[in-house]
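Below is one structure, written out as structure tokens, with a few remarks after it.
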Amino acid sequence: MSLVRDIELPSPEVMVERAMSVTGATDEYQVSQMVQVVNDMADYCRKNSITDGAVGMRSLLDWIVSTEITGDPYRSALYTVISKATSDENDREALISAVLEPIFSPIRRKKAS
Amino acid sequence: MARVNHKRVKQLLNEKRSKITDRQFFTSRILAGHFEDMAVAQTRRYHYNRRVRVNIIWNPKYGQVAGTDNQYICINAGHKIVTSVRGRENRYWTVTGLFAHELGHVLYTDFLAAQTYANNLDRYRWYPAAPILKTVKDRANEAALWDYAKASQDNLLMLQIIAHHILNVLEDGYIENRILNNFPGTLGYALETLRASQMKQMPTVTELIEMEETENQPIFYSILQLMLSYAKYGVIMYGDEPKTDERVQVVFSLIPDIDRALLTHDARERFDVANVILVRCWEYIQPYLEEMKEQQKAAAAAGSSADISEMLKGALSKIAGATGIGEGSSTPVSDAGGEEVSATATARKQTQEDAKESSAEAAGVGDAESSPETEAPKPEEKNREGGESDGAGAEGGSVSGNISSDGESGERRGASETEEGRIPLQHTDHVSAPEGGTTERNDDYAPAPYEGAAADIDRLLDKMAERAACEQLENERLQELNEAAQNISYGDIHSGVSIVVNRMASVDESYIEQYKRIAPTLLTISRQLQRSLVRQLQDSRRGGKQTGLLFGRRLDSHALHRNDGKVFYKNALPREVPQLAVALLLDESGSMYSCDRCTYARASAIILYDFCQSLNIPVMVYGHSTEGASVALYSYAEFDSIDNDDRYRMMDISARDSNRDGAALRFVAEQLCKRNEDVKLLILVSDGQPADTGYYGTAAEEDLRGIRKEYQRKGILFVAAAIGDDKPSIERIYGDSFLDITDLAQLPSKLTAVVKRHIHI
Numbered sequence: 001m002s003l004v005r006d007i008e009l010p011s012p013e014v015m016v017e018r019a020m021s022v023t024g025a026t027d028e029y030q031v032s033q034m035v036q037v038v039n040d041m042a043d044y045c046r047k048n049s050i051t052d053g054a055v056g057m058r059s060l061l062d063w064i065v066s067t068e069i070t071g072d073p074y075r076s077a078l079y080t081v082i083s084k085a086t087s088d089e090n091d092r093e094a095l096i097s098a099v100l101e102p103i104f105s106p107i108r109r110k111k112a113s
Numbered sequence: 114m115a116r117v118n119h120k121r122v123k124q125l126l127n128e129k130r131s132k133i134t135d136r137q138f139f140t141s142r143i144l145a146g147h148f149e150d151m152a153v154a155q156t157r158r159y160h161y162n163r164r165v166r167v168n169i170i171w172n173p174k175y176g177q178v179a180g181t182d183n184q185y186i187c188i189n190a191g192h193k194i195v196t197s198v199r200g201r202e203n204r205y206w207t208v209t210g211l212f213a214h215e216l217g218h219v220l221y222t223d224f225l226a227a228q229t230y231a232n233n234l235d236r237y238r239w240y241p242a243a244p245i246l247k248t249v250k251d252r253a254n255e256a257a258l259w260d261y262a263k264a265s266q267d268n269l270l271m272l273q274i275i276a277h278h279i280l281n282v283l284e285d286g287y288i289e290n291r292i293l294n295n296f297p298g299t300l301g302y303a304l305e306t307l308r309a310s311q312m313k314q315m316p317t318v319t320e321l322i323e324m325e326e327t328e329n330q331p332i333f334y335s336i337l338q339l340m341l342s343y344a345k346y347g348v349i350m351y352g353d354e355p356k357t358d359e360r361v362q363v364v365f366s367l368i369p370d371i372d373r374a375l376l377t378h379d380a381r382e383r384f385d386v387a388n389v390i391l392v393r394c395w396e397y398i399q400p401y402l403e404e405m406k407e408q409q410k411a412a413a414a415a416g417s418s419a420d421i422s423e424m425l426k427g428a429l430s431k432i433a434g435a436t437g438i439g440e441g442s443s444t445p446v447s448d449a450g451g452e453e454v455s456a457t458a459t460a461r462k463q464t465q466e467d468a469k470e471s472s473a474e475a476a477g478v479g480d481a482e483s484s485p486e487t488e489a490p491k492p493e494e495k496n497r498e499g500g501e502s503d504g505a506g507a508e509g510g511s512v513s514g515n516i517s518s519d520g521e522s523g524e525r526r527g528a529s530e531t532e533e534g535r536i537p538l539q540h541t542d543h544v545s546a547p548e549g550g551t552t553e554r555n556d557d558y559a560p561a562p563y564e565g566a567a568a569d570i571d572r573l574l575d576k577m578a579e580r581a582a583c584e585q586l587e588n589e590r591l592q593e594l595n596e597a598a599q600n601i602s603y604g605d606i607h608s609g610v611s612i613v614v615n616r617m618a619s620v621d622e623s624y625i626e627q628y629k630r631i632a633p634t635l636l637t638i639s640r641q642l643q644r645s646l647v648r649q650l651q652d653s654r655r656g657g658k659q660t661g662l663l664f665g666r667r668l669d670s671h672a673l674h675r676n677d678g679k680v681f682y683k684n685a686l687p688r689e690v691p692q693l694a695v696a697l698l699l700d701e702s703g704s705m706y707s708c709d710r711c712t713y714a715r716a717s718a719i720i721l722y723d724f725c726q727s728l729n730i731p732v733m734v735y736g737h738s739t740e741g742a743s744v745a746l747y748s749y750a751e752f753d754s755i756d757n758d759d760r761y762r763m764m765d766i767s768a769r770d771s772n773r774d775g776a777a778l779r780f781v782a783e784q785l786c787k788r789n790e791d792v793k794l795l796i797l798v799s800d801g802q803p804a805d806t807g808y809y810g811t812a813a814e815e816d817l818r819g820i821r822k823e824y825q826r827k828g829i830l831f832v833a834a835a836i837g838d839d840k841p842s843i844e845r846i847y848g849d850s851f852l853d854i855t856d857l858a859q860l861p862s863k864l865t866a867v868v869k870r871h872i873h874i
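Protein chains in written order, with this note's numbering: chain D, 1 to 113; chain S, 114 to 874.
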């Protein structure tokens, strides 16, 4: 059941706290970066009038849960926050390269392996 | 705000045999836009509201790699640092690394405070405070420094440059550190790659000493280089030199201060450290400055006009891995203060250990202070051997990268592109005939390795592909870049333009007369177009039963007697036609006067206006041109007309001055946006490209495309009617909403037809 109620957007620190307690994630550093990305993304969408999707707390929770499963925030982001934000192919690419990749990048995996 | 097509960037990046060259790729607007977009997305969270501009140039001869003045980032993609890397993708990473570095400056460097620092130095004052002097020697140094600075204006100038450079070294280390911590993704990765390649080029202490001897390089130089090496990477490349070398020792003694500078968020602390370094190293700096003076005098005698400050700057720029920061006038982003964690902590720790060790050693030997006072560098023979191997490449610390395989390895020759060493045709009488030759088989053939084999073929393939594409290149590039850059974001670049909206308060009698004279013929066209429509509109509003249909779902029992099969009927529910609002924007630039363009434009405005009025469609008619530096808009008809004289106002439509389409388009679109009709149609009649001072060419086209896209998102339908010679350019700008009017006489009817098409019934 998804209930919707208007509340003020909490500060990033509070968002991290809440997201962690809801999802059970433990990596605070990673979650705080995710929060940062989600906030940037919401801002980017607003500024560029990408309005056919949504970015917010709920996408963040989905993303965190997915990352807990896959272990790869980048890959999870593609199927959660990015795809939920817009359906336009070019807009997605823009979000990925302007907002997501500077923080979470697929290359880090390559380097590690 | 429209955006960059990031997908296109990636496509271009990954094309194996690309149609455009690297140079074209890196200097294209789309890549710059790609970085700008990234900068915007990543800086906004710091509430950094200035827009960062990125410019990428390609100038192999220009010494500087990248620079920024806090608003404008300039990257030289033609620099050897970039071109020595093979492959477009790797080069892209290098450029991104440079970008990340400069973005770091934009975000974290306090340019304003740096100015204050310079101003204070100008008045022979320390900023923020005088350095803490611990030893007698430091005190003496400080006094000597000020004496020297006060001696002449040139001295002060040089001192400032040195201070600026030391600051730059500290700042570089600090910002790279923060970027690595805060942007672990692509930016961090790219910076990491760049740093790795720069680190390889860092000369070791041994090489530095060698350079001091062979090129008469001052010792201060080496110290600066080592400091940079430590600030950036946390390591010092000792080479073959023992850790007791005086240069290393000087840097060791400064390590706690440098660390303090690297980790604090407060720029003033960095200034403080720069001051300390100035004082502590004064005994090295002074001879260096004196020598620079000598050199300048010699150069001046030889006829060179170079200023001493220019010379010094030139000399300092040779330090490897240093990038210049320009002058800027803004403060860094505010951030929660506190200490930063070093990204190169482990390497740093190692060096610190080394420092402790060596100072302990030094203490054991009896050399109380680690700062060296003896002037003679002892190990001289040793340098030679150590530096021989690769020291030659790193002259002055500048980047040395050979891409072409011109070095001959073993007996093989590297293939080269140009013709060389061919024997010209000669007349010969006989050929040699040696005797007693045998045939042997050598199974142990071990070829001398030639790495260039694959690369040569690669080059060949590249060339073939390039040639094949060469014919289309010019055309395609224009098109490609235009298409690709379609979404380059401009924001509201017109916000600074003053817009004047002109509207006749009352209509002149003569206009009314003229209108009445020509109106009947024009209005018949409008009426014809209305006729069919009015009927349909009424039907659809009223609903009702339509009988006598050839096919349908319901049988009309009253019509069954008919033999022609028209026996079906349909029940149409009454429904409201979606509401429509129309805005017409006419180009009134000077070129409209030829070929009766503005006359046709006037006629179409009149017809369209009448058409819409009779169907109760709200309509707005505007013309645009310029008046001096401001954009002039001419309002002919508004949505809510007070008097009913708008139709006469339209007689005033004529050709005027230049046109700054973007501002006018934005204005009208904004007006239209406020309407609450379902369908908003913006019709644009224009004969060509935007043309105003400082507003023309591809950039202006990009702006128009951006505006179009932006307002399309807000639900405005664009129709651009092209009536002049510049149809292709209008089509390029407005894409699918382009309406080709080849025959001017058709303009009025075609335009009205467009409106009609949008009244979906």
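Heads up, the beta-carbon is just placed ideally off N, CA and C, and yes, glycines get one too. In this text the structure is predicted, and so the values were computed from the model without any measurement.
Note on residue 205/S: 16 or more other CB atoms within 10 angstroms of its CB, so buried under the neighbour-count rule.
Within chain D, the C-beta atoms nearer than 7 Å to that of residue 296/S come from 102 and 103, in chain order.
Residues of chain D with a Cβ closer than 8 Å to the Cβ of residue 151/S are, in chain order, 97, 98 and 102.
Secondary structure of residue 78/D (DSSP, three-state): helix. Non-local beta-carbon contacts of residue 386/S in its own chain, meaning distances under 7 Å to residues more than five positions away in sequence, involve 283, 370, 371, 373 and 374 in chain order.
Per DSSP, reduced to three states, the secondary structure at residue 667/S is strand.
Against residue 300/S, the close residues of chain D are 102, in the order they occur along the chain (beta-carbon pairs closer than 7 Å). When C-beta atoms of the region 340 to 357 of chain S are compared with those of the region 298 to 315 of chain S, three or more pairs fall below 8 Å, so the two segments count as touching. In this structure, residue 722/S places its C-beta atom within 9 Å of the C-beta atom of residue 697/S. In this structure residue 388/S is buried. Its beta-carbon is surrounded by 16 or more other beta-carbon atoms within 10 angstroms.
Contact between the region 37 to 57 of chain D and the region 83 to 101 of chain D is established, with three or more Cβ pairs separated by less than 8 Å. From the listed residues 793/S, 290/S, 268/S and 262/S, the smallest Cα separation to residue 213/S is found for 290/S. At least one CB atom of chain D sits nearer than 9 Å to the CB of residue 147/S.
In this structure, the CA atom of residue 198/S is about 45 Å from the CA atom of residue 243/S.
Counting only the Cα atoms, residue 165/S lies some 39 Å from residue 397/S. Looking at the DSSP output, residue 693/S shares a beta bridge with 792/S. Taking 9 Å as the threshold, the shortest C-beta distance from residue 28/D to chain S does not fall below it.
For residue 386/S, the enclosing alpha helix (DSSP H) begins and ends at 380 to 393. Around the beta carbon of residue 34/D, 16 or more other beta carbons sit within 10 angstroms, so the residue counts as buried. Per the Cβ contact rule, the region 242 to 261 of chain S is not in contact with the region 216 to 231 of chain S (fewer than 3 Cβ pairs under 8 Å). Cβ neighbours of residue 190/S within its own chain (closer than 6 Å, five residues either side excluded): 139, 169, 171 and 208. Between residue 813/S and residue 144/S, the alpha-carbon positions lie close to 18 Å from each other.
Shown here for residue 325/S: same chain residues with a beta carbon closer than 7 Å to its own, the five before and five after excluded, namely 332 and 335 in chain order.
The beta carbon of residue 766/S sits closer than 8 Å to those of 699, 701, 711, 714, 715, 718, 736, 747 and 749, all from its chain and outside the five residues before and after it, given in chain order. Distance check between residue 187/S and each of 731/S, 818/S and 216/S places 216/S closest, using alpha-carbon atoms only. Neighbours of residue 823/S across chain D, judged by C-beta separation under 8 Å: 49. Under the DSSP assignment, residue 752/S falls outside any beta strand (DSSP E); it carries neither an H nor an E label. Under DSSP, residue 700/S forms a beta bridge with 737/S. The DSSP-derived three-state label of residue 134/S is coil. Below the 9 Å Cβ cutoff, chain D contributes 40, 98, 99, 102 and 103 as neighbours of residue 155/S, in chain order.
Closest in alpha carbon position to residue 280/S, among 261/S, 193/S and 390/S, is 390/S. Contact of residue 208/S with chain D is not assigned, every C-beta pair being separated by 9 Å or more. Using a CB distance below 8 Å, the part of the region 809 to 835 of chain S facing chain D consists of 823, 826 and 827, ordered along the chain. Annotation: the continuous alpha helix (DSSP H) that includes residue 363/S extends over 359 to 376.
Going by C-alpha positions, residue 775/S is about 15 Å away from residue 825/S. Using a Cβ-Cβ cut-off of 9 Å, residue 787/S does not count as an interface residue toward chain D, since no Cβ of chain D sits closer than that to its own.
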